[in-house]
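Residue numbers (our numbering): 24 to 399.
Even for Gly, the Cβ is constructed at its ideal location relative to N, Cα and C.
None of these values were measured; they are calculated from a predicted model.
Written out as structure tokens, the structure is:
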């Protein structure tokens, strides 16, 4: 197993590739992966508590969650750097739960740079191939193709300290791909980069992963990265998956209150249950979303995203504008409601000029189902 460290971005990573490298990588791509009922404890800390996840051939799945939720432990167990206390790991239908990391045919890229400082980019990329006893001529040819694949053929003879962080990270990615892995593992690969480079590299990684069709598990705490890159996102809490879904469903239909608040911005409004499947908030009775906690009654919290609220200027309305944030086509307007509750409402920027600080407004619900949880 290559232990390539972090990927860093650089401007304009190429998408042209040596055809041989693309064919070579693609030929071993697309292995299905299954994590079944994984548990792992470190002393009294339960890092994983019965985690199960299936990854389809060629799919990119992101594990998203706060520090300590178990996402990196899950990735390290798949890589073979850790063994689960219970449960199994299968790749292409074969149980690899106790197979050493070096024999799992996986490429891994970490957050930190782990390039060998005394090796050129070409030699770094070819390191795993050298460990596999590939002839020097074949090794250099394939390493050159992989550098071309990530847009760094002109950096082949440079040492890590002669390259930018983004270039070093792309060399690390090329090194992970050089061994033709059937599974690619990315552990917080972009967190050390500045915003512009991070955006560039995540687009390049996604395009490359789709082109090669490599099954990929990507661990991150950055929801924007997860939602923009992954086919599906798994949100983790306390060693368990709260929800696994395509990004749009995860955002629009969170299965739990934790997912709702961890992914995107969420308002909490005071509400009161009106029977088992309806709730009243902001003077409007609306349906309860099926993902809400069951058996609720009385006072509850109603969870609504900023774009899920409506706002209009109205003298004597139910709120006062306290802040405004320009977000491009929309402006996020903070409104203080009665009871000292502040909500954020997204409104078209072209219509937001009339809502200056101190303006009296009416905030309302449009009637769509809402997620309901216990009153905080």
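Put residue i into one of helix, strand or coil per three-state DSSP.
i           : result
residue 117 : strand
residue 164 : helix
residue 385 : strand
residue 228 : helix
residue 218 : helix
residue 342 : strand
residue 380 : coil
residue 355 : strand
residue 20  : With the chain covering only 24 through 399, there is no way to say anything about residue 20.
residue 234 : helix
residue 373 : helix
residue 46  : Annotation note: pLDDT 44 at residue 46 (below 50); position unreliable, coordinate value reported separately. Of the three classes helix, strand and coil, the one that applies to residue 46 here is helix, per DSSP.
If you drop the 5 nearest sequence neighbours on each side, which residues of the same chain put their C-beta closer than 7 angstroms to that of residue i?
i           : result
residue 49  : Confidence in residue 49 is poor, its pLDDT being 42 and thus under 50, which makes the residue's placement unreliable; the coordinate value appears in the next sentence. Closer than 7 angstroms at the Cβ level, and outside the excluded window around residue 49, lie 235 and 236.
residue 289 : 283, 326 and 328
residue 148 : 166, 169, 170, 194, 197, 198 and 201
residue 60  : 73, 75, 109 and 110
residue 361 : 341
residue 14  : As shown, the chain starts at 24 and ends at 399. That puts residue 14 outside it, with no answer to give.
residue 248 : 213 and 225
residue 69  : 262
For residue i, which residues from the same chain have a beta carbon less than 8 angstroms from its beta carbon, with the 5 sequence-adjacent residues on both sides left out?
i           : result
residue 84  : 76, 78, 239, 240, 241, 253, 254, 255, 256, 257 and 267
residue 104 : 124
residue 317 : none
residue 273 : 250, 256, 258, 266, 282 and 286
residue 155 : 202
residue 386 : 305, 332, 333, 334, 340, 341, 342, 358, 360, 366 and 368
residue 102 : 24, 124, 127, 129, 131 and 208
Please classify residue i as buried or exposed, where buried requires at least 16 other C-beta atoms within 10 Å of its C-beta.
i           : result
residue 94  : buried
residue 185 : exposed
residue 36  : Caution applies to residue 36, whose pLDDT of 37 falls short of 50 and renders its modelled position unreliable; the value that the coordinates give is listed next. Buried.
residue 97  : buried
residue 363 : exposed
residue 151 : buried
residue 344 : buried
residue 158 : exposed
residue 99  : buried
residue 146 : buried
residue 63  : buried
residue 397 : exposed
residue 380 : exposed
residue 243 : buried
residue 297 : exposed
residue 305 : buried
residue 175 : buried
residue 143 : buried
residue 233 : exposed
residue 346 : exposed
residue 153 : exposed
residue 375 : buried
residue 294 : buried
residue 107 : buried
residue 14  : Since the first residue of the chain shown is 24 and the last is 399, residue 14 is not available in this structure.
residue 207 : buried
residue 302 : buried
What does a CB cutoff of less than 6 angstroms around residue i pick up in its chain, not counting 5 residues either side in sequence?
i           : result
residue 120 : 111 and 112
residue 45  : In this prediction, residue 45 has a pLDDT of 45, which is less than 50 and means its spatial position is unreliable; what the coordinates show is noted afterwards. Taken in chain order, the list of residues that qualify is empty.
residue 348 : 355
residue 179 : 144, 145 and 170
residue 324 : 291, 396, 398 and 399
residue 320 : 296
residue 308 : 297 and 301
Answer yes or no: the CB of residue i versus the heavy atoms of the ligand ATP, is any distance below 7 angstroms?
i           : result
residue 201 : This structure lacks the ligand ATP; in fact it carries no ligand of any kind.
Original post:
Going along the chain, which unbroken runs of the beta strand (DSSP E) with 3 or more residues stay wholly within the region 246–315?
Top reply: 255–260, 263–268, 290–296, 301–304 and 307–310
**OP:** Count the CB pairs spanning the region 247–261 and the region 269–284 that are closer than 8 angstroms, and state whether there are at least three.
**Re:** yes
**OP:** Mind the definition here: the region 334–351 touches the region 260–273 only if three or more C-beta pairs lie below 8 angstroms; say whether that holds.
**Re:** no
Subject >> Secondary structure, alpha helix (DSSP H): runs of 4+ residues fully inside the region 145–216 >> reply: 150–154, 159–172 and 188–201
Original post:
Are the region 56–67 and the region 102–118 in contact at 8 angstroms, needing three or more beta carbon pairs?
Top reply: yes
**OP:** Taking only runs that begin and end inside the region 69–134, name each unbroken alpha helix (DSSP H) of 4 or more residues, in chain order.
**Re:** 94–102
Subject >> the region 309–323 touching the region 340–357, judged by at least three CB pairs closer than 8 angstroms >> reply: no
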